[in-house]
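These notes concern the structure reproduced below.
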Amino acid sequence: MSAERFLLPDGLVKELDELVTHYPERRAALIPALHRCQEELGGWLSPDVLEALAEYFRLEPVEVFGVASFYPMFHLRPVGQHVVGVCHNIACELRGAEEILATACRVTGTRPGKVSADGRFTVTRVECQGACTAAPMLVLDGAFHENLTPDSAAKLLGGVR
Amino acid sequence: MSAALKREVYLLSRVGLADSHTLPVYRANGGYQALEKVLTGGYTPAQVIQLVKDSGLRGRGGAGFSTGLKWSFMPDPAKDPRPRYLAVNADESEPGTCKDRVLMERDPHGLIEGILIACFAMRVKTAYVYVRGEYRLSHDRLRDAIAEARKAGLVGDKILGTDFACEIWMHKGAGAYICGEETGLMESLEGKRGHPRPKPPFPAGFGLWGQPTTVNNVETLANVPFVIARGPDWFKSLGTAKSPGNVLIGISGHVERPGVYELPLGISARTVLEECAGGVWKGRQLKAWIPGGSSTGLLPAAKIDVALDHDSIREAGSMLGTVAMIMLDETACTVRAMQVIARFYDHESCGQCSQCREGTEWLHQIFARIERGQGRMEDIELLSSLAGGMAPAKTICALADAAAIPTHAIVKHFRAELEEHVRLGRCPLGASNHAPVLEEAHA
Ligand SMILES: Cc1cc2nc3c(=O)[nH]c(=O)nc-3n(C[C@H](O)[C@H](O)[C@H](O)COP(=O)(O)O)c2cc1C
Ligand code: SF4
Ligand code: FES
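Protein chains in written order, with our numbering: chain A, 12 to 172; chain B, 29 to 471.
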């Protein structure tokens, strides 16, 4: 346990207070809350954040961890400044997903599942994103980039500041 | 046969308009007239359900169950006054499928109107739209459209000045395919892991928070305003007798113009491939195709003249699923394709049932080793027996079936290609078929 307890920022708590009113049971807001925390608090869910959420939802921390770890969109380890997900499912595979992945790794200097040495990028494989008719595709910080070629992917990622 | 099918576009009739996602454009193009008809035209909820039943509308989420019948399973509120819910399935994660997204991004009010009519019919006062977390634009467009509709008196209390009240809330998922299964969705919406529930009990009696609940797909609900506004006879004039209406067909993979197209059910797969998608790309020949998303079995090119309706596709040895066609040209390796599909189910199995947890992992490993050239002839029988141990109906949910069905299909239709991999000790299509595989680090 750290000496000083981590507290969720006030603005976020206000948001969650509104969110829980959408449901007959408070806990239903947990996954949306995990999303908001990940978005606002550094792109990943640290143990401190999970504990703070557990307290907010009056759940055991292990319960919150169990939920967060079930869902691929939640990062439980630090990520790079930018997160790149390359879809490797069937429609993208058929149109060159592995080449896009290799390009993404080359341009960002990392390997799938790893943070680059300079801390700027995390590259991951992701399952079908629902962009199959615009394959191959990647997701950069939540935004879809579709109909890629290795060149256009290199240009896109090379241009990220 | 298919040439005789009546063609008319309604689901996508607005998506090409500028600002099609906004209320003024929706209203200027007939929007919310079906809701008005229901609320001010003296319809009872039972009459609305009857209209939907009469139309023959079947769910567009994959299983093709009668929508009106499903709605009628909701208990009579006079006898069962518990709160009740509609959960809109916008999880769209079946590989190959990207049609609900088109509706949510470009015609969100169409979905909202469908939700409102469904809620009126089932006397539901609260609907949740469970949208996959990756669909940021879908989520934001729907959220904004709900806000617009609320301001205009279309969502909330006293809708259109009547006693009908209905709230619609957006809810983001977080990347787990299994949350598209209706009971996995409900668990997830309650803030838990998306572990499907054993059935019975069924959602109409015991759904969200143990209350009566109906789960419907986005496209299913988007059909509803048209069914109400134009009537069941009009709806039945499109499609086939047992699969009426239009459907959004996705076509991806090795074609010139991949896309989402609206066509009557019963259209021939060849028409979609040639007329809509411009044929197989690069002037190549078709080798194999998947008719309805990754969980429906691969078919050989020879079956391309089959009609895309529930019965015809079943007769051809596959399933309509989400009508997400994935096309493989003559250079594609079907074993590699199955390796990718099996990897997906291995990754997405929730792990509750041993047949599925272990079966999906084994299928993945075996397809991978055959593709690498390290398979044995016995592996082919092993694939069949593993798939036979997983399905049908041997597990809590149908994800195990989704992995078993394409496995049986490849053994049936492409056995020679599996055997050739084993005999040659490599992929006969050569390394040029796919780039080196970079494994995901687990550190
Ligand atoms: C593993 C699995 C995944 C599913 N994923 C989805 C999905 O992403 N979207 C969907 O609408 N239905 C999905 N379904 C089907 C739902 O369980 C359910 O049948 C459907 O949402 C009902 O809606 P409908 O009657 O309007 O089609 C899935 C089913 C299974 C077994
Ligand atoms: S069949 Fe698979 S995904 Fe479905 S409940 Fe069982 S283990 Fe989970
Ligand atoms: S397979 Fe890549 S987006 Fe669907």
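Cβ atoms here follow ideal geometry from the backbone N, Cα and C, with glycine treated the same way.
Distance from the C-beta of B/Ser121 to the nearest heavy atom of ligand 1 is below 7 angstroms. Exclusion of the five residues before and after B/Leu165 leaves Glu133 as the residues of its chain whose Cβ lies within less than 6 angstroms of its Cβ. With contacts defined by Cβ atoms closer than 8 angstroms, B/Arg151 and B/Pro260 do not form a contacting pair.
Scanning chain A for C-beta atoms nearer than 9 angstroms to the C-beta of B/Leu217 yields Tyr34, Ala39, Ile42, reported in chain order. For A/Gln92, the shortest C-beta to heavy atom distance toward ligand 3 is 7 angstroms or greater. Taking C-alpha positions only, B/Gly287 is separated from B/Gln75 by approximately 37 angstroms.
What A/Leu45 touches in chain B, judged by beta-carbon distance under 8 angstroms, is Ala202, going in chain order. At a cut-off of 8 angstroms between beta-carbon atoms, A/Thr160 makes no contact with chain B.
In the structure shown, B/Cys147 adopts helical secondary structure according to DSSP, grouped into three states. Any heavy atom of ligand 2 counts here; residues with a Cβ closer than 6 angstroms to one of them, in chain order, are B/Ile206, B/Pro224, B/Ser377, B/Cys378, B/Gly379, B/Gln380, B/Cys381, B/Cys384, B/Arg385, B/Thr423, B/Ile424, B/Cys425, B/Leu427, B/Ala428.
Take the alpha-carbon of B/Gln239 and the one of B/Arg225: they are about 14 angstroms apart. Here B/Met355 carries a strand assignment [DSSP, helix/strand/coil].
Annotation: Cβ neighbours of A/Ala146 in chain B (cutoff 9 angstroms, chain order): Ser280, Gly281, Pro286. Straight-line measurement puts the Cα of B/Gly233 at about 38 angstroms from the Cα of B/Leu327. With a threshold of 16 other beta carbon atoms within 10 Å, A/Ser80 falls short and is exposed. Contact annotation, B/Pro272 with B/Gly138: C-beta distance approximately 19 angstroms; criterion of less than 8 angstroms not satisfied. Under the Cβ distance rule, B/Cys126 counts among the residues neighbouring chain A, one pair being separated by less than 8 angstroms. Here B/Leu457 has Cys361 as same chain residues with Cβ atoms under 6 angstroms from its own Cβ, once five neighbours each way along the sequence are excluded. Selection B/Glu120, B/Glu141, B/Ser216, B/Gly203 evaluated against A/Glu36 yields B/Ser216 as nearest (Cα-Cα). Within the model, the alpha-carbon separation for A/Thr119 versus A/Ile111 is close to 12 angstroms. Exposed is the label assigned to B/Glu409, since fewer than 16 other Cβ atoms lie within 10 Å of its Cβ. Exclusion of the five residues before and after A/Val90 leaves Gly54, Trp55, Thr133 as the residues of its chain whose Cβ lies within less than 6 angstroms of its Cβ. By the Cβ test, the region 418 to 429 of chain B is not in contact with the region 347 to 357 of chain B, since fewer than three Cβ pairs between them sit closer than 8 angstroms.
For A/Glu104, the neighbours in chain B by C-beta distance under 7 angstroms run, in chain order, Val368. Secondary structure of B/Val159 (DSSP, three-state): strand. In the DSSP assignment, A/Phe132 falls outside any alpha helix (DSSP H) and within the unbroken beta strand (DSSP E) covering 132 to 137.
With contact defined as three or more Cβ pairs closer than 8 angstroms, the region 92 to 105 of chain B and the region 181 to 197 of chain B are not in contact.
Sequence-distant Cβ neighbours of A/Gly96 in its own chain, meaning closer than 6 angstroms and more than five residues away, are Thr135, Val137, Val150. Just measuring C-alpha positions, the residue of B/Asp333, B/Ala365, B/His282 sitting nearest B/Ser322 is B/Ala365. Rounded to the nearest whole angstrom, the CA to CA distance from B/Ser346 to B/Asp374 is 21 angstroms. About 27 angstroms separates the beta carbons of B/Arg371 and B/Ile332, which is beyond the 8 angstroms limit, so they are not a contact pair.
Residue environment: B/Val130 is assigned as buried (16 or more neighbouring CB atoms within 10 Å of its CB, all protein chains considered). In this structure, the straight-line span from the alpha carbon of B/Ala430 to that of B/Glu376 is close to 11 angstroms.
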